[in-house]
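Written out below as structure tokens is the structure these notes cover.
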Amino acid sequence: MRKLGWGVGILLGGLLGGMLTAPEWLPGLIHREAQHWAEGTRHRLVIGSIQVGIFPVRVRIREVRLYEADGQTPVLGFEELEGHLALHSGLHPFPVIDELTLTHPVVHLVRNPAGAWNLASLAGPATGGGGFPLLVENFRIVRGEGTVWDQGSNTHHDIRHLQFDLPQLSSRLRDEDAWLSPSLRAEVDGASLALKARIRPFAAELRGEGELSVQGLDLTYWLSPWLVSPSALSTRFAFRGPNWGALQGELSGLRLSVPQVGGTVAGLETRWQGVQLSARRVDYAGGQVNFGTVRLAGHDGQIHPVGLSEAAFPPLLLSGIEGTVEKLAWPVSAQTLSLALQVGAQGHLQMTGPVDLAAHAVHLAVAARHLDLRVIQPWLARYAQVRLERGQLSLAGVLDGTFASPQTWQGRYRGRAQADDLALREGRHGQLLWRSKTLFVQGEANLNPLRLRLDQVALSDFYAQLHLLPDATLNWVNLLNSPPVSTPESRGAPPPRKALPVLSGGAPGAARAAVVIRKITLQGGTIHYRDDYVHPPYEANLTRLGGEIEGLSSAENTTARLELRGRVHEAPLLIEGQINPLAQNLFLDMTAQVTGMDLTQFSPYSDKYVGYDIERGKLSFDAHYSVRNHDLQATNHLVLNELTFGKPVTSPGITRFPVALAVALLQDPQGRITMNLPIAGSLDDPQFSVGGVLARTLVQALEKAVESPFSLLGKWLKTPCSGPNRTCP
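Counted from 1, the sequence shown has number 353 at position 368 by my numbering; the numbering is strictly sequential.
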């Protein structure tokens, strides 16, 4: 027993002596083992200092740096690692560390193009055994830093201010019910990240759950080329799987807040403010992410054409954005979009249908109400000097489009469109050109290139102003913006005709747009006509205009049927025939009939060509007009009843002749003048005026009557008188 006691005493004394002298020999042991491990992994290790304390037992290692084999490329390092042995460690068969703190660690991760990480070699060769048993009750990382470089995609990520806490870490726990509860805070690429989790890493099936919050998230990498402001993300997550390489996960309560996002689609610059994206559940499996139904909300936004200043084109404002995207997945595939938003002050727009992001294609049902048409004013101003004063657009149809790039996009709209309360004014002087209560269109429109196939066009309660200017050109033609004429004009030559625009919007050599309109219905129309080619000006009102035009097409060798009814200065008017105003060569073959129209309205023409006012009289005519290859051929059968001229007027260029005698010679016993007046001329002649030609022809007839009175008198004597007894007064 005495020998046993001496043995135990010597052992305890040796242990006590070893502990007391540990600060002298343990740092060297740790340093040698660490260097041996570094040599085995082909790295260079630098350790600043190792300190060991006894009461309490602690180890502090400072200024550690690990380099690649070249001795220059850093891999990892830390400022300080300090551990404290727990007082109750002696009650366990393995060391229990009360607290282990790693201060300012720096890690440089590199992934080569083959997918291997630079830190993979630090594990060294595999060795048998279960490893050194250890229990850490509180593990902390303070002020961590790191960089990640993926050479395959050439992307860099920076990690700053990392704080990590793990309440318990063991190297020998194998209980599948044991959970680890790490928490982490860091800045990753400038975004603040906060993570709280529970992980069961030692079970046969890995499991984990937690909460993730990211502030200042940069979405540019995923949404390029869109410009996205730093965003906020929050979600709860859960994952499970047989190993870390075959995990399946899900997110719940996913919320993404984007203060501002902007980009360009189909030549339009789009900006959104206060966008909110949310999803109830997101599933991840086999490299595929399924977002399910994603809800979209936003405060406001705007759309602006690329290349135009905001001063010339005020942005179209959007607000009250709400929508959903169903079946959203990553990598991208076809989704179903449902979007509703307010456009401008009163407009509402809804779009629903599949969107294929991979193919850049959409198929959307579109419904819109009260869209302000004034937003197209900048586009309109590029082609004509007009100002869209007001107008609202409503839509109900289907939009198909492909948007591979702003330069190569195509679209087709099928359905109905209606423009209400539409008004156009001349851009320079503000003169009213057009006003309509309702313009309804049903059919199909293809964009880029432009093709129109309309089944029905209905126009009601409309007003149009036609103005023949002093240079004998129509006001609507003068409104068109044409390229300048390259050849100089000769002195005194008539002004050139302005080229009509190509409907496709391209250069003059571009292909014309294909237009087919099956039926146009007009109702309640008014056309005000003013002729400033004569002096004083002539004005006429065509009212209660209504009728139909069927079979209108821009194709050559096609004609449309025209039938219009109305009143001109309260006299009944009927126009019918065949026309094709959309073809490259204007075609017209129609008749017009007017009964009992007041002749006093033609006093401006009478003043110019006859030299007398018209005091009273009625006009009825039956006219036939034909236009082919810009040449007009017309016949006019006129009946003038009780034509009476008034006082003479002074006008240059008038040839005086006895007008009263000429009228008396032309009148039959009932006071009627019956005439057939042909008209011929070229529409390419800028001085050609139908009214002027008609007036000059009438003057020639009056002059002929004065020159040959006896021939007319003989003809009058051969004409039987009317009346029940057929006797002449």
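Cβ atoms here follow ideal geometry from the backbone N, Cα and C, with glycine treated the same way.
Where does the unbroken alpha helix (DSSP H) through residue i begin, and where does it stop?
i             : result
alanine 366   : 362 to 368
threonine 205 : 205 to 208
Measuring alpha carbon to alpha carbon, tell me which residue in the options is nearest residue i.
i             : options                           : result
arginine 438  : Arg550, Ala540, Val501 and Ser611 : Val501
valine 442    : Glu535, Arg436 and Ser588         : Glu535
serine 323    : Val340, Gly272, His452 and Gly247 : Val340
alanine 408   : Leu358, Asp268 and Leu151         : Leu358
serine 539    : Val553, Arg145, Leu197 and Ala568 : Ala568
threonine 629 : Leu530, Thr528, Val267 and Leu650 : Leu650
valine 42     : Gly68, Glu64 and Ala381           : Gly68
glycine 238   : Arg266, Gln261, Ser214 and Leu253 : Arg266
threonine 205 : Asp174, Val317, Phe124 and Leu165 : Asp174
aspartate 653 : Thr635, Val44 and Leu625          : Leu625
glycine 226   : Ser198, Ser214, Tyr269 and Val243 : Tyr269
proline 59    : Ala71, Val91, Leu662 and Gly396   : Val91
leucine 61    : Leu70, Ala71, Gly129 and Pro80    : Gly129
arginine 552  : Gly305, Gly509, Phe587 and Trp164 : Gly509
histidine 355 : Val371, Pro167, Gln377 and Ala619 : Gln377
glutamine 320 : Leu253, Leu85, Gly277 and Leu507  : Gly277
isoleucine 46 : Leu11, Arg410, Gln233 and Ala23   : Leu11
proline 210   : Gly248, Val121 and Gln258         : Gly248
glutamate 65  : Leu373, Ile32, Pro80 and Asp83    : Ile32
arginine 192  : Ser155, Ala231, Ser106 and Leu212 : Ala231
leucine 537   : Leu549, Val279, Lys504 and Pro152 : Lys504
Per DSSP, what kind of secondary structure is residue i in: helix, strand or coil?
i              : result
threonine 585  : helix
arginine 27    : coil
leucine 651    : helix
arginine 413   : coil
aspartate 162  : coil
aspartate 574  : strand
glutamine 320  : strand
histidine 141  : strand
glycine 230    : helix
glycine 13     : helix
glutamate 541  : coil
tryptophan 211 : coil
valine 121     : strand
glutamine 20   : helix
aspartate 517  : coil
alanine 105    : helix
valine 42      : coil
asparagine 526 : strand
alanine 645    : helix
leucine 485    : Only weak support exists for where leucine 485 lies, its pLDDT of 34 falling under 50; the coordinates are left without a value.
Specify, as a first and last residue, the run of the beta strand (DSSP E) that residue i falls within.
i                 : result
asparagine 621    : 616 to 633
valine 291        : No beta strand (DSSP E) contains valine 291, which DSSP labels as neither H nor E.
glutamate 172     : 168 to 173
threonine 255     : 253 to 270
arginine 183      : 176 to 185
aspartate 341     : 332 to 341
threonine 58      : From DSSP, threonine 58 is part of no beta strand (DSSP E); its letter is neither H nor E.
proline 244       : 233 to 250
asparagine 565    : 556 to 565
serine 605        : 597 to 613
glutamate 196     : 191 to 202
threonine 132     : 124 to 135
phenylalanine 388 : 371 to 388
tryptophan 727    : Nothing can be reported for residue 727, as the shown portion of the chain is limited to -14 through 714.
histidine 716     : Here the chain covers residues -14 to 714 and nothing more, so residue 716 does not appear.
valine 91         : 91 to 96
leucine 85        : 81 to 88
| task | Report yes or no: do three or more beta-carbon pairs, one from the region 404 to 411 and one from the region 422 to 436, lie closer than 8 Å? | result | yes
| Do the region 53 to 68 and the region 28 to 43 meet, that is, are 3 or more Cβ pairs less than 8 Å apart? | yes
| message | Can you confirm whether the region 602 to 610 touches the region 579 to 586 when touching is taken to mean that 3 or more C-beta pairs between the two stretches lie within less than 8 Å? | response | yes
| query | Are there three or more Cβ pairs, one per stretch, closer than 8 Å when the region 344 to 354 is compared with the region 301 to 313? | reply | no
| query | For the 8 Å Cβ check, are there 3 or more pairs between the region 31 to 45 and the region 7 to 22? | reply | yes
| query | Any chance the region 289 to 297 sits against the region 324 to 336, with 3 or more Cβ pairs inside 8 Å? | reply | no
| request: Run through the region 415 to 445 for me and flag every whole alpha helix (DSSP H) of 4 or more residues, listed as ranges in chain order. | output: none
| Does the region 119 to 135 come close enough to the region 82 to 96 to have 3 or more Cβ pairs within less than 8 Å? | yes
| Are three or more beta carbon pairs between the region 251 to 261 and the region 272 to 286 nearer than 8 Å? | yes
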